[in-house]
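Please read the structure below before turning to the comments.
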Amino acid sequence: MIRLFTVNYYIINLQMVLMMGEYNHYGKLCTRIMELDKTFLVDKEPLAVLNDTINYIDFDLKGAQPETKLIKENVNICPILGNPLHSICAFPSQAYKSDDTIWFNPIHIVKTSAHGRHTLVDLSNGYSIEVHSRLSSFNQKWQNAQFLRRMTTKREKSPFTLIVDQKKKNLLKKDSSGRYNFEIFLRK
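As structure tokens, then:
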């Protein structure tokens, strides 16, 4: 059963399914949080909730954004590593600063489907939500968030993993004897 209440402070955690801006009865922009078994209003804007979470673990929102450039240049609609300690990534349905942006936790999306010109998102808590975004656009954002989460998880397991410049690639290919040309490592 979903219960409604208001809180002053919130740290994004594994239970968070989604969050979005919602105006309270005084006309103040707050954040509606949906967790697995409850929903409540946080007396802060969505970017403030995201920033509070990142600051809680000694990072900041501006510091979290460069990570997203590994995926896409337009950081305004890319996922943010909201809580790296728990590999929690959040991605916006549209531009960050839009009041009606919905921030999704990708691990709680079960499936998506087209619903006219919009996207129907089935969530892990048994609810669905219609998002004003085309299916292909939404799925790309979801995929980018999953990619960022996987990269973060890999780095946690292997802290010495290096990010290699993807523009500079060396091709490993089989030579006439059927062996791969690992000798290219010797030439560097």
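Residue 44 is where the sequence shown starts when you use our numbering, and the numbers rise one by one after that. Think of the CB as a built atom: it goes at the ideal place given N, C-alpha and C, for glycine as much as any other residue. Note that the structure is predicted; figures quoted are calculated from it, not measured.
Enclosing beta strand (DSSP E) for residue i [first to last residue]
i    : result
D165 : H161 to L166
S171 : S171 to V174
L84  : T82 to V85
Neighbourhood of residue i by C-beta, 8 Å cutoff - its chain only, sequence neighbours within 5 removed
i    : result
S249 : The chain is shown from 44 up to 231; residue 249 falls before or after that span and cannot be answered.
S219 : none
V207 : Caution applies to V207, whose pLDDT of 46 falls short of 50 and renders its modelled position unreliable; the value that the coordinates give is listed next. Result list for V207: empty, nothing under 8 Å.
Simplified DSSP assignment, three categories, for residue i
i    : result
A138 : coil
I145 : strand
H158 : strand
S180 : helix
L191 : helix
T111 : Interpretation of T111 is limited by its pLDDT of 45, a score under 50 that renders its predicted location unreliable; no figure is taken from the coordinates.
6 Å Cβ shell around residue i - same chain, five flanking residues per side excluded
i   : result
V92 : Y53, T74 and V85
H68 : none
CB contact below 8 Å: residue i versus chain B
i    : result
L191 : Among the chains of the structure shown, chain B does not appear; only one protein chain is present.
DSSP bridge partner residues for residue i (one or two, in chain order)
i    : result
C73  : E65
C132 : L124
I152 : L166
V50  : V85
For residue i, the first and last residue of its enclosing alpha helix (DSSP H)
i   : result
I97 : P89 to Y99
Residue i CB to nearest heavy atom of the ligand MN below 7 Å
i    : result
R160 : The ligand MN is not among the ligands present in this structure, which contains no ligands whatsoever.
CA nearest to the CA of residue i, picked from the options
i    : options                 : result
A133 : Y139, W146 and D142     : W146
K81  : Y99, Y66, V50 and D95   : V50
T96  : M77, H129, L79 and P135 : H129
I150 : V174, L79 and R222      : L79
Y139 : K184, H158 and L57      : K184
Sequence-distant residues of the same chain with beta carbon closer than 7 Å to residue i, five excluded per side
i    : result
T111 : Note that T111 scores a pLDDT of 45, beneath 50, so its modelled location is shaky; the value from the coordinates is reported in the next line. Counting only Cβ-Cβ distances below 7 Å, and skipping sequence neighbours, we find V118, C121, P122, I123 and L191.
G64  : L72, T74, E88, P89, D142, D143 and T144
K154 : D165
N148 : M59, V60, L61, I131 and A133
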